[in-house]
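For the working numbering, count along the sequence shown from 1 and bump the result up by 1218.
Don't be surprised by glycine CBs; every beta carbon is placed ideally from N, CA and C.
Owing to the predicted nature of the structure, the values given are computational and were not obtained by experimental measurement.
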Amino acid sequence: MPDLPDVFITRAIPEAALQLLASALPGLKVAVNPRDANLTPAEIASMAAGAQGLICTLADDISRALIESLPRLRVIATYAVGTNNIDLAAARERGIVVANTPDVLTDATAEVAVGLMLACARRFIEGDVLTRQGSFRGWAPLFHLGFGVYGKTVGIVGAGRIGLRVARTMRHGFDCRVLYTARSAHPEFEAQAQATRVDLNSLLEQSDFVSLHCPVTPQTKHLIDGSRLARMKRSAFLINTARGPVVDESALVEALKAGRIAGAGLDVFEQEPALAPGLAGLGNVTLLPHIGSATVETRQRMGLMCAQAIIDVLGGREPANRVVPG
Ligand code: NAP
C-alpha cells in the first residue's frame, strides 16, 4: 500500500514539528490534512488508513469506532492537554498509546483567563467598539464605568497547572484573595497562592471572579448549571477557559439576560464552534474563539511534543506525556 501514510496529521501544524519527524525518522511517510477545515471521523479513517501514528486536535472526535477502524495505529498524540474527545478506554484496549501536551500551554492559557477577567470587569471590548464607532465624546466622571480587579476574591475551580498559574497571578499580581475547589487538597497550591480550599457552593457565593480550570468529565459536565449560577454574587463574573460543557451555556444565557451575574468571559463553548442561542447578542459577555494556547511559541512547542511522542512510541520508547486514564 505505497500511498498510505505512516503518520497522519489532522490539521496543518508548525513546520518545525514536521522537520523533527523527518529528521528523527527518515523515510517516514507523513500526510497532513490538505484542507483548512476539521475532518469528520469517516474522513480521518480514510486518510489515516494504515497509519501507525496519528496527530489529532481537540476538535477531532477520536471515537471507539474510529480507533477500531485503524488496525495499525500505535500512538495518538493530541495537540491539547484535554483528552475528552478521545475514547481512552478503546485506545487502551487496543494497546494504543495516547500522549498529550501539558505544561507548555499553561502560561498561555492562564494569560487568557486573567485577560478575560480584566476585559469583563473593565469592559474592554465594549470600549473598543464604541471608540471605533465614534461614540467616545471625551472623558466624563460617569462614562463607561466598570469594576476593579485588585483586592477582589477569585475562586478557582480545578487546582491543577493552569488553575495554579492563574491563582498565583491574581494573588501576587492583583492582591486578590484566592479560594479553590478540587476533589482533593492541594497543599502546594495553597502555599503558592495563599489559597483556601472551600466547597464549590461556598466558592460561588464568595467569589467576585469564578475561573474554571477543571477537565470536562462525566462529573464536571454542567458543573456550573442554573442553580450554581444562582449562588454567585450578582456582581460576579464567570470565566471559562476550561471546556465548554463544564457550563450549561443555555442557563448562562438566561442568567446573563436576567442580570443574575454581572458578566462572563468565555474562551470555550458547549457546541464549538456554535454558540448557544442568544449568547452573541449579550453585552455583558466577552467571547473568544478558543485561543487559550494560541501563541506562536506555545503552538510550536505543542507541535514538537506531539512529534516527539510519535517518534518515541514508533521507536519503542515511552513518551514523556502518556495519558493515563483517570
Ligand atoms: P490539570 O493540571 O490536570 O488540572 C486539572 C485539575 O482539575 C486537577 O488539579 C483536578 O484536581 C481538578 N479536577 C478534576 N476533576 C474535578 C472536579 N470534579 N471538580 C473540581 N476540580 C476537579 O490540567 P491543566 O493543565 O490545568 O488543564 C485544565 C483544563 O484546561 C484541561 O483539562 C483543558 O480542558 C483546559 N484547557 C483549555 C485550554 C484552552 O485553550 N482554553 C488550553 C489548555 C487547557 P483534583 O484531582 O484534586 O480534583
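Asked: Considering only C-alpha positions, which residue in the set Ile-1262, Thr-1414, Val-1367 is nearest to Leu-1382?; Found: Thr-1414
Asked: Ligand 1 and Ser-1511: does any heavy atom of the ligand fall closer than 8 Å to the residue's C-beta?; Found: yes
Asked: So within the segment 1388 to 1469, which uninterrupted alpha helix (DSSP H) runs reach at least 4 residues, ignoring any that extend past its ends?; Found: 1405 to 1411, 1418 to 1424, 1444 to 1449
Asked: Here's the rule I'm using: 16 or more other beta-carbon atoms within 10 Å means buried, otherwise exposed. How should Asp-1254 be labelled?; Found: exposed
Asked: Is it right to say His-1404 is buried, meaning 16 or more other beta carbons lie within 10 angstroms of its own, or is it exposed?; Found: buried
Asked: When the distance is taken between beta carbons, is Ala-1494 closer than 9 Å to Ile-1457?; Found: no
Asked: Using the rule of at least 16 other Cβ atoms within 10 Å of the residue's Cβ for burial, across every protein chain shown, is Gly-1352 buried or exposed?; Found: exposed
Asked: Locate the alpha helix (DSSP H) running through Gly-1521, then write down its first and last residues.; Found: 1514 to 1532
Asked: Compare the C-alpha of Gln-1518 against each of Leu-1291, Ala-1454, Tyr-1297 and name the closest.; Found: Tyr-1297
Asked: Pop quiz: Ala-1295 and Ala-1527 are said to be a contact at Cβ under 8 Å. What is the actual Cβ separation, rounded to whole angstroms?; Found: 4 Å
Asked: Would you call the segment 1305 to 1314 and the segment 1281 to 1289 touching, i.e. three or more CB-CB distances under 8 Å?; Found: yes
Asked: Grab the span of the beta strand (DSSP E) containing Ile-1380 for me, first residue to last.; Found: Segment 1379 to 1386 is the alpha helix (DSSP H) holding Ile-1380; no beta strand (DSSP E) there.
Asked: Determine the burial state of Ser-1264: buried for a count of at least 16 other Cβ atoms within 10 Å of its Cβ, exposed for fewer.; Found: exposed
Asked: Please determine if the segment 1330 to 1349 and the segment 1396 to 1411 are in contact, where contact requires at least 3 C-beta pairs separated by less than 8 Å.; Found: no
Asked: Taking C-beta to C-beta, are Thr-1371 and Phe-1427 nearer than 9 Å?; Found: yes
Asked: Just to confirm my understanding: we take His-1362, look at its own chain, exclude 5 residues before and 5 after, and list those with CB closer than 8 Å. What are they?; Found: Arg-1341, Glu-1344, Gly-1345, Leu-1348
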